[in-house]
Amino acid sequence: MIEDMYAVMGRITEIRKRFGLMNRVQASVQRQDFQHQLEKLNGEGNAAVKAPEKTAASPARAMTVPELRDIAKAAALRNGIPPGLVDAVIQAESSYNPKAVSVKGARGLMQLMPETAGALGVADPFSPEENINAGVGLLKNLLEKYDGDYKKALAAYNAGEGAVDKNGGVPPYDETREYVNRVINLYLRNKE
């Protein structure tokens, strides 16, 4: 039930964004506000709103790569992104290590920076579900912004939208160029 509500709220946000009624930060605030309202209702004993049950993804045990891939595939399909592309991003970012932390401070499977994770409403960047769902949502927004141009979207995922916008495409950073090529090669290999 809660997943359905999130899907509805996500679709509303997407529609508002398309019509220029909301930017990403406002969308994040709305999601956080929605979560707060759910918790408030749940705290008041509303039987219609159940607390999420612990799933196989609970932090009590480590998840297997196939379980993580299932989460990634489901998030990709919900967002209309090829599952192989999401798989390639996760491979390039963290090699499917949910506890990965980069030298720059990016966290989790899809290596979200703390500011980005906060803006996307991620409470625990080491939660596979939260991290993947936020990372895939971000990737979807970037693909929409750059009209489906994988190279620009991936470059923005790695170096930031500002760098891509400033350079009119993949910025001239070796790390970013290597990242874009690596993800695309992994994606193409996954399709074979």
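Counting from -7, one number per residue, gives the positions in the sequence shown under the numbering used here.
By construction, the Cβ of each residue, glycine as well, lies at the ideal position given by its N, Cα and C atoms.
Bear in mind that the values here come from a model prediction, so they are computed numbers and not experimental data.
query                                                                                                                                    : result
Under the assumption that Leu69 contacts Tyr179 (Cβ atoms under 8 Å), give the Cβ distance between them as a whole number of angstroms.  : About 16 Å separates the two Cβ atoms, so there is no contact after all.
Please state the DSSP three-state secondary structure of Val95.                                                                          : coil
What does Leu104 pair with, by DSSP beta-bridge criteria?                                                                                : Arg99
What are the boundary residues of the alpha helix (DSSP H) that Gly76 is part of?                                                        : 75 to 86
Helix, strand or coil for Pro163 per DSSP?                                                                                               : coil
With burial defined as no fewer than 16 other Cβ atoms inside 10 Å of the residue's Cβ, what is the status of Thr168: buried or exposed? : buried
Does the Cβ of Arg181 have 16 or more other Cβ atoms within 10 Å, making it buried, or fewer, making it exposed?                         : exposed
Can you tell me whether Val128 is helix, strand or coil according to DSSP?                                                               : helix
Just tell me which of Lys132, Asn173, Ala109 has its CA closest to the CA of Asn123.                                                     : Ala109
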